[in-house]
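Scroll down for the structure; my scribbles are underneath it.
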Amino acid sequence: MEGSGRGSSVDVVLQNYKLGKTLGIGSFGKVKIAEHLLTGHKVAIKILNRHKVKSLEMEEKVRREIKILRLFMHPHIIRLYEVIETHSDIYVVMEYVKSGELYDYITQKGRLQEDEARHFFQQIISGVEYCHRNMVVHRDLKPENLLLDSKCNVKIADFGLSNVMRDGHFLKTSCGSPNYAAPEVITGKFYAGPEVDVWSCGVILYALLCSALPFDDDNIPNLFKKIKGGLYTLPSHLSALARDLISKMLVVDPMKRITIGQIREHAWFKIRLPRYLTVPPPDTSQQAKKIDEDILLEVTKMGFDKDQLIESLHNRIQNEDYLHTSSSDIAVPNRLPGFPATERKWALGLQSRAHPRKIMTEVLKTLRDLNVSWKKNGHYNIKCRYRRADGVSIVETESAGSETTAVKFEMQRINHVPLRVLQLYKTREEKYLLDLQRMSGVEEEGSAAEAIESAALALEGVDDVHGGDDLAAGVLRVGNGVEKARFTKAGFPIASPN
């Protein structure tokens, strides 16, 4: 039982709210229902004890979730209204969701009819797409983290394991629930982010339609074996379109896995799609700049100061800028043992002022000429993999007098075919930078010294490698070696446009 001193302290801190019953108790706090005194609006207040949060090493998780939810405004993502901090506790005032978890709903009803499952799935995909458009990957999507309001609308919650995506950066932390985790996550490979959420959504869709998990085993090694092998069965009661969509989402190779954009275009997904979900959601920067004057007037009638409200709304834009500029402290996850940071493979990009569209056109032409398969993750991001049966190294040369930009790749014979990512950036100097990163694949022993020497020779005679129009060479720093990637001819850019 709480003491009177403690109770009066809470009353002072939460003077705008009337606290109600406890909805749940966790390892470092509790959740209470409350009513906002001026509006009568019901909210859920997480009361987090700072000492317990620190002792359980959950500070980063709490801080990350708050930073992300401060920016988000989407009908299918849980809303955060305000955060009140004291020396002993953190009070997180959030949207109150009445009907519990989607997990409980599935458990009670069993497998859902396809129309009902699609209703939930369309909302989930819309919310996940919003996250990705705002450079956030959830990484722990599962029915337990999908809440239902009184009208059975989905609200994505629990962003504690989420991470902020940065162009050219990859994640490797193995996190989330094993049954919903993608193969690249449980095997400790680098991943960009969106593709792991797509896999989890595929597992969720399977659970909605089958009331079971596609990958399930009490023995974790056996479970991982099933996930890595993509070993699951599709029940006969599923429609052909549903089977097709699930099979495209649960593809082991992330390069071949369907994307969120492709899911939106799938015939099964588009059936009875609500009009408000037909248009991709805006990003937070556009939402934050819009202030509805009518709503502002109504809120000021309730006793709020107009100038203070406008200042708070404009601070959303500043918060977003802060999230992007200070993302290093929340975007780099704590690594699990066995995944040293030295495994990251980075390319030193080259710069030019050519138009980004022309750059990407020339890159795609070159990839085609070099027999490289690719998959576009966006207008300026490409995953690519060189495929050749005999595995010998290849050197493509530019023919004399050619008017197109040729990209020369020299790839040493490898034990596994490398997977690379090309990302175009925009620099502050209004130039463009092309970054090449090797995500996976093993380089042959002894190639590092030769690659460094070749790269150094390629740099000779270049007046301004980073700013000039004559782009001669780039060096991919590998930690324990360097892989060659040469770029020749004038006007070739490298950096990521906004």
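Here the sequence shown stands for residues 12 to 509, where the numbers follow the working numbering. Using N, Cα and C, we set each Cβ at its ideal position, and we do this for glycine too. These numbers come from a predicted model, not from an experiment.
Are there 16 or more other CB atoms within 10 angstroms of the CB of residue i, so buried, or fewer, so exposed?
| i | result |
| --- | --- |
| Gly-204 | buried |
| Val-54 | buried |
| His-143 | buried |
| Lys-236 | exposed |
| Asn-230 | exposed |
| Gly-51 | exposed |
| Asn-382 | exposed |
| Leu-378 | buried |
| Lys-43 | buried |
| Cys-163 | exposed |
| Arg-75 | buried |
| Thr-97 | exposed |
| Arg-368 | exposed |
| Thr-270 | buried |
| Leu-113 | buried |
| Gln-26 | exposed |
| Lys-153 | buried |
| His-366 | exposed |
| Ser-161 | exposed |
Assuming contact is defined by CB atoms lying nearer than 7 Å, are residue i and residue j in contact in what I supplied?
| i | j | result |
| --- | --- | --- |
| Val-165 | Phe-131 | yes |
| Gly-138 | Ile-117 | no |
| Val-24 | Ile-95 | yes |
| Leu-433 | Ile-393 | yes |
| Leu-67 | Leu-219 | no |
| Val-207 | Ala-193 | yes |
| Ile-274 | Ile-135 | no |
| Ala-45 | Leu-34 | no |
| Arg-549 | Ser-99 | What is shown of the chain runs 12 to 509, which leaves residue 549 out entirely. |
| Pro-265 | Leu-234 | no |
| Glu-71 | Val-64 | no |
Between the alpha carbons of residue i and residue j, how many angstroms are there, rounded?
| i | j | result |
| --- | --- | --- |
| Phe-83 | Val-290 | 17 Å |
| Leu-245 | Glu-195 | 22 Å |
| Tyr-28 | Gln-319 | 19 Å |
| Lys-387 | Pro-225 | 28 Å |
| His-47 | Leu-284 | 34 Å |
| Glu-249 | Cys-221 | Residue 249 is actually Leu in this sequence, not Glu. Computed Cα separation, rounded: 8 Å. |
| Thr-198 | Pro-232 | 11 Å |
| Ile-321 | Val-103 | 22 Å |
| Phe-39 | Met-146 | 29 Å |
| Val-209 | His-277 | 14 Å |
| His-390 | Leu-435 | 9 Å |
| Arg-129 | Ile-282 | 8 Å |
| Lys-41 | Asn-156 | 17 Å |
| Val-148 | Arg-268 | 16 Å |
| Gly-121 | Gly-240 | 27 Å |
Can you give me the Cβ contacts of residue i inside the same chain, cut-off strictly under 8 Å, excluding the 5 residues immediately before and after it?
| i | result |
| --- | --- |
| Ile-89 | Leu-80, Met-105, Glu-106, Val-108, Leu-158, Lys-166, Ile-167, Ala-168 |
| Tyr-243 | Tyr-217, Pro-225, Phe-226, Lys-237, Leu-261 |
| Gln-133 | Phe-280, Leu-284, Pro-285, Leu-288 |
| Tyr-92 | Val-54, Val-104, Met-105, Glu-106 |
| Leu-375 | Trp-385, Ile-393 |
Between residue i and the rest of its own chain, which residues show a CB-CB distance below 6 Å, the 5 nearest in sequence each way excluded?
| i | result |
| --- | --- |
| Ile-101 | Leu-59 |
| Trp-279 | Leu-252, Ala-253, Leu-256 |
Any heavy atom of the ligand NAP within a distance shorter than 6 Å of the CB on residue i?
| i | result |
| --- | --- |
| Tyr-114 | This structure lacks the ligand NAP, and indeed carries no ligand of any kind. |
Ignore the nearest five residues each way along the sequence and tell me which others in residue i's own chain have a CB closer than 7 Å to its CB.
| i | result |
| --- | --- |
| Glu-125 | Leu-220, Ser-250, Ala-253 |
| Asp-475 | Any reading at Asp-475 must be qualified, since the residue scores a pLDDT of 38, below 50, and its modelled position is unreliable; the value itself is stated next. Within the same chain, Asp-475 has no close Cβ partners at all. |
Every unbroken alpha helix (DSSP H) within the region 57–122, with a cutoff of 4 residues, ordered by chain: Counting whole runs of 4 or more residues, the region 57–122 contains the alpha helix (DSSP H) stretches 61–66, 70–82, 113–120.
Which ranges would you report for the alpha helix (DSSP H) in the region 207–238 if only whole runs of at least 4 residues count? No alpha helix (DSSP H) of 4 residues or more sits fully in the region 207–238.
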